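Step one of this worksheet: look at the structure below.
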Amino acid sequence: MTGGLAALVLAVSSCASSSSPQSAPIVSEDLLTQRQAVEDYPASAQRFQAMDDVFPVARVKATPGDPLPIEVSPLPESVRLGDLQLGLTDALTMTDTNAFLVIRDGALIHEAYFNGSNAETQFIGWSISKSVTSLLFGIALEEGDIASLDDVVEDYLPDMRGTAFEGVTLRNMLAMRAGTSYREQPMPDMPSHVDALVAQSIFENRKRFTDLSEVDVATAAGQGETFNYSTLTASPLGRVIESATGMSLDDYTSEKLWKPAGMQDDAYWMLDGPEGVGDEWAGGGFNASARDFARLGLMVLQGGNLNGLQIVPQDWIDESIHDLGYGPVLPGAPRGYGYQWWTFLNTNISEAVGVHGQFISIDPDTNTVIVKLSYWPERGSGKNAMMHHALFTAIRTAVSD
């Protein structure tokens, strides 16, 4: 689920039908059809604004603080995307944008909404959720609820014993180096694991996303050796936080992050089952307003501090949003990875990225945060990702001159 870098496929695959429990349907046929169509383009422009219409959710309460200061500043009239020189609005339209915000020097200097959305719309972040979970993880670690990143996952989740994740450290879970055979992207004659997981849990609500009892995932390499982007590796981290703190992930998000940051609007986590049964989908189910995603990026830009309050430990920000020293993690792309955050190598840029072009892009060199919430027709398009990097670079160059 890394927009432009790895695919979260939300279509029901053939492997789902072979392993789904044969119990009575939990979700009506009509509702299941709506869920399976959530990515269908171009209707996804609207669906990505209202995921709570068709999925169960857990609300994250806000306590609004002072709104972001607004200082309207001109952006470049045109930008070059590949071989095309386009007006900015045309460029945003061509790249399937729902919302686009730019913060410079702590102020909101540009804000644009498309397809009927507005400042109060709650957008799906897809794998931005992983970066949100990482921030929460850092808080729980600082407060002593999580003892050490070198703890193994079954210390907090006993159901991970006997699975491919047994013995894997929290550090390697965060870094996507768990050493399992999980596949985020399909391969010839080998379907993606995430297809079946999403079908059974997020769509059908038959099981929890992190229930590995029927998932054919094995140990494939020594942990820490190989980068393997994995929503299955990321999703248990939310449950680790719950186990360590004794709080639900929605309550913890609200009390430790959303309220202290003075977010303007409530947010929500999608659940993988009915309320009271399902778990928050920490690997892909977080939804919030564009302004609050921008506020989150500003907090990270400022080292975890917002409005004079240290919300996320500075040390955690410094470690988690920067490359861990492994070098490029994707063939042909200057991408590194921290703890659930993407980096651009040889720059100070860090990004939270979702599979359909959701970005919180943070650049301390220009003191900017760019939020773009898209509805790409293709999941994880590398071409789109590099096009957006060019767009963001043009914006940053213009506003920092």
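Under our numbering, the first residue of the sequence shown carries the number 1, and numbering increases by one thereafter.
For glycine and all other residues, C-beta sits at the position ideal for the given N, C-alpha and C.
A quick note: this is a predicted structure, and the numbers were derived from the prediction, not measured.
Within the DSSP secondary-structure output, W269 pairs in a beta bridge with A58 and F286. If you draw a 10 Å sphere on the C-beta of G222, you find fewer than 16 other C-beta atoms in it, and that means exposed.
Between W376 and H356, the CB-CB gap stays under 8 Å.
Judged by their CB atoms, M173 and T233 are nearer to each other than the 8 Å cut-off. The residues K259, in chain order, have a CB closer than 6 Å to that of T63 in the same chain once the five nearest residues on each side in sequence are set aside. When V369, R335 and F359 are compared, the shortest CA-CA separation from D96 is found for F359.
H110 is bridged by DSSP to V102. When the alpha-carbon of F55 is set against those of D265, Q264 and E204, the nearest one is in E204. Counted as a single uninterrupted DSSP element, the alpha helix (DSSP H) harbouring F137 occupies residues I128 to E142.
Leaving aside the five residues that flank G167 on each side, the residues in its chain whose CB is nearer than 7 Å to its CB run, in chain order, V152.
With fewer than 16 other Cβ atoms inside 10 Å of its own Cβ, D40 counts as exposed.
Put simply, the segment 240 to 249 does not touch the segment 294 to 307. Fewer than three CB pairs are less than 8 Å apart. Closest by C-alpha distance to L330, out of D318, T343 and Y339, is T343. When the five nearest sequence neighbours on each side are left out, the beta carbons in the same chain lying within less than 7 Å of the beta carbon of D365 are those of N348, in order along the chain. Q264 is positioned such that its CB atom lies no closer than 8 Å to that of P76.
For G297, the secondary structure class from DSSP, reduced to helix, strand or coil, is helix. The shortest CA-to-CA distance from L81 to any of V399, T393, D266 and Q49 is the one to T393.
By the C-beta criterion, the segment 82 to 102 is judged not to be in contact with the segment 262 to 280, since fewer than 3 inter-stretch pairs fall below 8 Å. Here DSSP, grouped into helix, strand and coil, assigns I202 to helix. Residues of the same chain with a CB within less than 7 Å of the CB of D363, apart from the 5 flanking positions on each side, are N348, I349 and R396 in chain order. Between the segment 323 to 338 and the segment 139 to 152 there are fewer than three C-beta pairs closer than 8 Å, too few to call the two in contact. Rounded to the nearest whole angstrom, the C-alpha separation of I202 and R171 is 26 Å. Proximity to S181 across D155, T219 and W269 peaks at T219, based on C-alpha coordinates. Take the alpha-carbon of V198 and the one of N307: they are about 38 Å apart. Annotation for T133: L237, G238 and A282 place their beta carbon closer than 6 Å to its own, counting only its chain and skipping 5 residues before and after.
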